[in-house]
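**Student:**
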Amino acid sequence: SRAYDDLDSPGMPRETPYRATFIFSLVCMASILASGGLIIGVGPFIYRMVEDGYFSDRCDDGDDGCSAQYDAMTPIFDGGFQIMTWLSCVAGILLRAWGPRINAALGLALLTAGCRILATATTEDGAGWWMFGYGIIGGGGNFLYISSFHFVYLFENPGVPIGVLGGIFSVSGMVFMFLNVPGVTISSFFTGYFYLALILTVSVAIFFPDRPIRPRQRYRITRPTLKHIDFTATCKSLCQGDVVAAARESR
23 SRAYDDLDSP
33 GMPRETPYRA
43 TFIFSLVCMA
53 SILASGGLII
63 GVGPFIYRMV
73 EDGYFSDRCD
83 DGDDGCSAQY
93 DAMTPIFDGG
103 FQIMTWLSCV
113 AGILLRAWGP
123 RINAALGLAL
133 LTAGCRILAT
143 ATTEDGAGWW
153 MFGYGIIGGG
163 GNFLYISSFH
173 FVYLFENPGV
183 PIGVLGGIFS
193 VSGMVFMFLN
203 VPGVTISSFF
213 TGYFYLALIL
223 TVSVAIFFPD
233 RPIRPRQRYR
243 ITRPTLKHID
253 FTATCKSLCQ
263 GDVVAAARES
273 R
């Protein structure tokens, strides 16, 4: 793919350790706040949904926390994780064709939409609408997460940063712990996260490179361009069943 062509730049000086660490730290922070790992924080999310009374009409006498209420919410998480899995498979294919800037920005746009859905969803919308919002938060977040790994090549030895970035996916699941804070509701939490996701979307669109960073290449801010996009390769990958095969392997 043209997104990976002529990027080795063996003659270019490597990033200084301090500059590389600073840039990578910002990328890690964005991944903590917006990777697909957010939705593995299922416990606090379920707790807050019960406390806020969603699907409580399934219970007798309006009691919260009955088995019927939990059963009504189960598809949200089962289906949400399936949506994340399929979108993550697509993200890997599109990354090669589009590059990290467009891929990450698209994913964060999906995450932003998911936050808006959960901020405004009601019981009457049904579990399917909740599932869709929950799923595109995870799937969209993984567009950013997958698009962030090339930043490890800012370092001479990328092994440690790869490990750090790998662990961040699990750390991201702790963000939903803020749903346990007194006074926080599903609506208020995801309304705030909607605006945070908007800021991250704009930031990624500005600061992520169009093409992946390769070994011995320094990071620099560049203007967005579409010259590197290979639509033909994208269509071939999608039409040849790469997504289906990858999704089956991940299950």
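Count along the sequence shown from 1, add 22, and you get the number used in our numbering.
Note that CB positions come from ideal geometry on N, CA and C, so glycine has one too.
Quick caveat, the model's predicted, so the values are computed rather than measured.
What whole-angstrom Cβ distance do ALA127 and VAL226 have, given they're in contact under 8 Å?
**Tutor:** Confirmed, Cβ separation roughly 5 Å.
**Student:** Does DSSP put SER169 in a helix, in a strand, or in coil?
**Tutor:** SER169: coil per DSSP, three-state reduction.
**Student:** How many whole angstroms separate the CB atoms of ASN164 and GLY214, which I take to be in contact at a CB cut-off of 8 Å?
**Tutor:** The Cβ separation is near 22 Å, so there is no contact.
**Student:** DSSP three-state call for CYS88: helix, strand or coil?
**Tutor:** Coil at CYS88, not helix or strand.
**Student:** Would you report the Cα separation of ALA114 and ASP100, rounded to the nearest angstrom?
**Tutor:** Inspection of the sequence shows that residue 114 is occupied by Gly rather than by Ala. Taking the straight line from one Cα to the other gives about 22 Å.
**Student:** Is the distance from the Cβ of SER53 to the Cβ of PHE191 below 9 Å?
**Tutor:** Yes.
**Student:** Taking its Cβ as the centre, do 16 or more other Cβ atoms sit within 10 Å of PRO122, making it buried, or is it exposed?
**Tutor:** Buried: at least 16 other Cβ atoms inside 10 Å.
**Student:** Roughly how many angstroms separate the alpha carbons of PHE207 and GLN239, rounded to a whole number?
**Tutor:** The identity of residue 207 in the sequence shown is Thr, whereas the question assumes Phe. Between THR207 and GLN239, the C-alpha separation is close to 45 Å.
**Student:** Look at GLY195 and GLY102 and say whether their C-beta atoms are less than 9 Å apart.
**Tutor:** Going by C-beta atoms, GLY195 is not nearer than 9 Å to GLY102.
**Student:** If we count the other Cβ atoms within 10 Å of its Cβ and call it buried at 16 or more, is TYR40 buried or exposed?
**Tutor:** TYR40 should be labelled exposed.
**Student:** Going by the beta-carbon positions, is the gap between LEU201 and PHE211 smaller than 9 Å?
**Tutor:** Against a cut-off of 9 Å, the Cβ pair of PHE211 and LEU201 comes out as a contact.
**Student:** Where does ASN125 land, buried or exposed, given buried means 16+ other C-beta within 10 angstroms?
**Tutor:** Result: buried.
**Student:** With GLY63 and VAL197 assumed to form a contact (beta carbons below 8 Å), what rounded beta-carbon distance in angstroms separates them?
**Tutor:** Right, the Cβ-Cβ distance comes to about 6 Å (below 8 Å), so this counts as a contact.
**Student:** What residue range is occupied by the uninterrupted alpha helix (DSSP H) comprising ASN125?
**Tutor:** Unbroken alpha helix (DSSP H) run through ASN125: 122-142.
**Student:** Let me make sure I understand the geometry here. Which of ILE139, ILE243, THR43 and ASP82 has the alpha-carbon closest to that of ILE98?
**Tutor:** If we check each option's Cα against that of ILE98, ILE139 comes out closest.
**Student:** Grab the span of the alpha helix (DSSP H) containing LEU55 for me, first residue to last.
**Tutor:** Counting along the chain, the alpha helix (DSSP H) containing LEU55 begins and ends at 39-56.
**Student:** Tell me whether the beta-carbon of THR134 lies closer than 9 Å to the beta-carbon of ALA219.
**Tutor:** A contact, by the Cβ cut-off of 9 Å.
**Student:** Between the alpha carbons of PRO234 and GLY136, how many angstroms are there, rounded?
**Tutor:** Taking the straight line joining both Cα atoms gives about 27 Å.
**Student:** Got a sec? Which residues, its chain only, sit under 7 Å from GLN91 by beta carbon, not counting five neighbours each side?
**Tutor:** Excluding sequence neighbours, GLN91 sits near VAL72, PHE77, SER78, ARG80 and CYS81.
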